[in-house]
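Asker: Residue numbers (UniProt numbering): 1 to 669.
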């Protein structure tokens, strides 16, 4: 099950006379007395969507606590907001409100037993019989709806695992009415046109507190900030029905040298994917009407770049928009910030320092200032859950070391580094993770979701490194043997021998790249299919594939855009490899490895159609490949292999003399 967010939760502008909302409309405070604290959700709730609040402040001297529930009354149609949710609002009809008490909140079923929260009912016999405990379940299940428990549970003390401690030490359990207690309301469908209302307290379902609520009208959440409860804060919660999908992505923006902030965008797949494709790292954008929310330090410190702000921005399909800035003056002011590191430019490790420290840095997050030595090819793979992944490795160097690996997994980071010019670009890499690679027996750096890469930083330290690069190149200090493709591995260092089944099992257990030896057979290798499936053109500058239809680089950020296309051709084949345990399908065989395996280099030349032999006839593309010494002909426009010719000699023809033989009809077609 995956989680989704349907809308950003806010309080309605219509509320009790003693309520004051903050600017984000996510915090409600009763400023005087003990009544007139009724609040509503800004929007109606969807089925299975929880409206969750955390008690932030109590006021001694009053009897009674928070009240929560649902109403079918649109707050905009109310002439006056009732003084109390109980009994006033309920007496208006179509309203269901539950009073929270310190001890007795569970609803007793008709059979006499209490409803036990946290169980997942009726989702298969196996799931239903599976024993569950409070602190081992990651989700609270009600019918076929699941809510992540990490947001539902209030903290009685600081700490990531305080909710587990609260469960283990019952004597210190968090009372429902205490500060930091989290209380929510949700309804789930029960038959055509009806639903049951459930109250959730600190991750536990109190049961169906109201049954057969008509769902033919919009249902708004009701929160009565009553008596001893003085202030509540909305907690944004992901929820979801089993089988639903969540789409979200995050990025970081900067509008001054010192200030930058994280932005999260979420919505349906079409919205998020469309939004993420409209801009990329380095673009100047305008974000309209983002929602400002308090930063979740626990999550952001783990998964997002560290920012100086205590807030983050939330971009939603219904509230916000993002567009490319077209104002030249604004661009001229903003774009230079792209070359200013987010960290102190003097706070970094040299490659020599990393190597000298060795495994003592394993797992550390550090900053690196280095130059790009080489950029490897992007590798694609399928994860154990069926999702597609990618990986790219580049080599770094500075005045203390060469060929230091930096591994990138994120699409946008890979797109950025693919545009870099080798041996001319300096990088300031903030918050890279350093680990020890046991296979290569060396330290490597990895760009994570926390990492921000500054290209050609405008700092004194970077300028000194750039000067060193130029002097080194002029002196020939970087010879060809040092400029390896970013992910070359010495073959004699690979010792693990696996079967096909063992390789498949290991790939599901480990997301990282590994190397092994397989003894098997090539069971599928189609050299006679479309030429686009045999030979691929790539941009000589950024290594992206060439769009065959319009003959342009597919990389919008290619540094060669607008100039004469420079392309390289190479084999790019799919083959199946089998042994006695199974088959690896769609293995990629490309580049120089393919040339060595097949025994031929790619050679392409436009010649006249030798069958017709007349001037002006449609040209064909000629290529040779394989130990079978077969000449294959593809039509230039359709890309279809039309003829194959078996050459009788054992000599490999890879030059123009071979073409002249064809023109002379030395080969019988």
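Where is the CB? At the ideal position from N, CA and C, for every residue including glycine.
#1: Please state the DSSP three-state secondary structure of residue 10.
#2: Decide if residue 186 is buried, meaning its Cβ has at least 16 other Cβ atoms within 10 Å, or exposed.
#3: Could you tell me how far apart the beta carbons of residue 89 and residue 272 are, in whole angstroms, since I believe they sit closer than 8 Å?
#4: Going straight from the alpha carbon of residue 394 to that of residue 445, what length do you get?
#5: Please report the distance separating the alpha-carbon of residue 92 from that of residue 311.
#6: Below 8 Å on the Cβ atoms is my guess for residue 372 versus residue 413; work out the distance and round it to an integer in Å.
#7: Got a sec? Which residues, its chain only, sit under 7 Å from residue 58 by beta carbon, not counting five neighbours each side?
#8: I need the straight-line Cα distance from residue 534 to residue 596, nearest angstrom please.
#9: Who are the Cβ neighbours of residue 263 in its own chain at under 8 Å, not counting the five residues just before and after it?
#10: Taking 8 Å as the threshold (C-beta atoms), are residue 324 and residue 260 in contact?
#11: DSSP state of residue 576, grouped into three classes?
#12: Excluding the five sequence neighbours on either side, which residues of its own chain have a C-beta within less than 6 Å of the C-beta of residue 406, listed in chain order?
#13: Sorted by chain position, which residues of the same chain lie with C-beta nearer than 6 Å to residue 303's C-beta, five sequence neighbours on each side aside?
#14: Out of curiosity, what's the CA-to-CA distance linking residue 506 and residue 582?
#15: Find out if the Cβ-Cβ distance for the pair residue 225, residue 24 is shorter than 8 Å.
#16: Can you give the beta carbon distance from residue 11 to residue 41, rounded, assuming they're within the 8 Å contact cut?
#17: Counting only runs that start and end within the segment 356-395, where is the beta strand (DSSP E) found for 3 or more residues in a row?
#18: Where DSSP assigns a beta bridge to residue 214, which residues make up the other side?
#19: Determine the direct distance from the alpha carbon of residue 48 to that of residue 189, and round the result to whole angstroms.
#20: Opposite residue 264 in the DSSP bridges: which residues?
#21: From residue 4 to residue 247, what does the alpha carbon distance come to, in whole angstroms?
#22: Could you check whether the segment 463-478 touches the segment 351-367, counting it as contact only if at least three pairs of C-beta atoms, one from each stretch, sit closer than 8 Å?
#23: DSSP three-state label for residue 413, please.
#24: Roughly how far, in whole angstroms, is the beta-carbon of residue 215 from the beta-carbon of residue 100, given that I think they are within contact range, below 8 Å?
#25: Which residue wins for smallest C-alpha separation from residue 184, given the options 494, 69 and 255?
#26: Which of the three DSSP states is assigned to residue 84 in this structure?
#27: Just mark residue 34 as buried or exposed, buried being the case when its beta carbon has 16 or more other beta carbons within 10 Å.
#28: Classify residue 52 as buried or exposed, calling it buried when 16 or more other Cβ atoms lie within 10 Å of its own Cβ.
#29: Among 30, 508 and 564, which one has its Cα closest to the Cα of residue 387?
Answerer: Answer, in terms of the structure:
#1: Coil at residue 10, not helix or strand.
#2: When all chains shown are included, residue 186 counts as buried.
#3: Between residue 272 and residue 89 the Cβ distance is about 38 Å, and since that is not below 8 Å, they are no contact.
#4: Those two C-alpha atoms are separated by around 10 Å.
#5: Distance between the alpha carbons of residue 92 and residue 311: 40 Å.
#6: Between residue 372 and residue 413, the beta carbon gap of about 13 Å keeps them out of contact (Cβ cut-off 8 Å).
#7: The residues are 179, 228, 229 and 230.
#8: Between residue 534 and residue 596, the C-alpha separation is close to 15 Å.
#9: Excluding sequence positions up to five before and after residue 263, its CB lies within less than 8 Å of the CB of 250, 251, 252, 253, 287, 290, 312, 313, 314 and 315, all in the same chain and listed in chain order.
#10: By the CB criterion at 8 Å, residue 260 and residue 324 fall outside the cutoff.
#11: strand
#12: 394, 396 and 445
#13: 449
#14: 14 Å
#15: no
#16: 7 Å
#17: 365-375 and 379-382
#18: 194
#19: Roughly 8 Å separates the two Cα atoms.
#20: 250 and 314
#21: Confidence at residue 4 is low in this model, with a pLDDT of 39, below 50, so its placement is unreliable and no value can be given for it.
#22: no
#23: Here residue 413 carries a helix assignment [DSSP, helix/strand/coil].
#24: Not really, about 24 Å apart at Cβ, beyond 8 Å.
#25: 69
#26: coil
#27: buried
#28: The residue in question, residue 52, is buried, as its Cβ has 16 or more Cβ neighbours within 10 Å.
#29: 508
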